[in-house]
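First comes the structure, then the notes that go with it.
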């Protein structure tokens, strides 16, 4: 009888453990990718696992830098164009971006974009149709982003890391043209402003296109960040120009370099 009781208790314990394991597996299956990533971050990892994972990341980052430097070092003077991936071809800003890119090519510049749809596609299209250099720095994302068809085949680069991609935007551009966009566009805009403000890079022209879109942001920076809290210097506001037309956008860039008697060399 005692042996039978022990067997029953052992069986009950094993059943309880199996149920707990099954529930745990079920809960894991119900986790979203973001929740699973958070859970994984809090799991204990041994030193070998951490070192191996970090080493692979280092090599992947190095590979992206090497490819970017190798391809972009040969492109000559270019202007980076930023803006929303969600902008449709029938949007006036799409048409304006095409015209800006075309004018830049006619004035001797190539065009760099994020390589995706929307404003990026418009920028590459305008450059491509004028026979200019059309560069696309694409990023792997779960939505929105795919390469457009107007990028020169030898000037298309795919990135996994945003920070590597942003280095390429800044390092190989003689100016930024910023069209209306979302969080990514703001990230790229303020990255450039910060690097110039802190003198980590030399100054180059930054042009915001679409006064009605950008004026509210500029007013807040002027009134609150500068006027009320004094978190920036008045000179910092001179780093940005706001325009409403493609002609004025390109003129800002031309005027900036004409002061130094510099012209694009291709």
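Residue numbers (UniProt numbering): 1 to 266.
By construction, the Cβ of each residue, glycine as well, lies at the ideal position given by its N, Cα and C atoms.
Just so we're clear, the structure is a prediction, and the values are computed from it rather than from any experiment.
In the three-state scheme derived from DSSP, where H, G and I count as helix and E and B as strand, residue 137 is classed as strand. Taking a C-beta distance under 8 angstroms as the contact criterion, residue 165 and residue 139 qualify as a contact pair. Annotation: residue 147 is outside any beta strand (DSSP E) and is labelled neither H nor E by DSSP. Secondary-structure assignment with DSSP links residue 82 through a beta bridge to 178. Three or more beta-carbon pairs drawn from the region 172-182 and the region 105-121 are found closer than 8 angstroms, and the two stretches are therefore classed as touching. Per DSSP, the continuous beta strand (DSSP E) segment holding residue 158 begins and ends at 156-159. For residue 208, the enclosing beta strand (DSSP E) covers residues 206-209. The shortest C-alpha to C-alpha distance from residue 110 to any of 67, 141, 72, 190 is the one to 72. Closest in C-alpha terms to residue 235, from the list 214, 103, 226, comes 226.
For residue 111, the uninterrupted beta strand (DSSP E) run begins and ends at 110-113, by DSSP.
Within the same chain, and ignoring the five residues on either side of residue 188 in sequence, the residues whose Cβ sits closer than 7 angstroms to its Cβ are 82, 166, 169. If the five residues before and after residue 210 are omitted, its C-beta is found closer than 6 angstroms to the C-beta atoms of 180, all from its own chain and listed in chain order. The C-alpha of residue 122 lies about 21 angstroms from the C-alpha of residue 241. DSSP, reduced to helix, strand and coil, places residue 196 within a helical segment of the structure shown.
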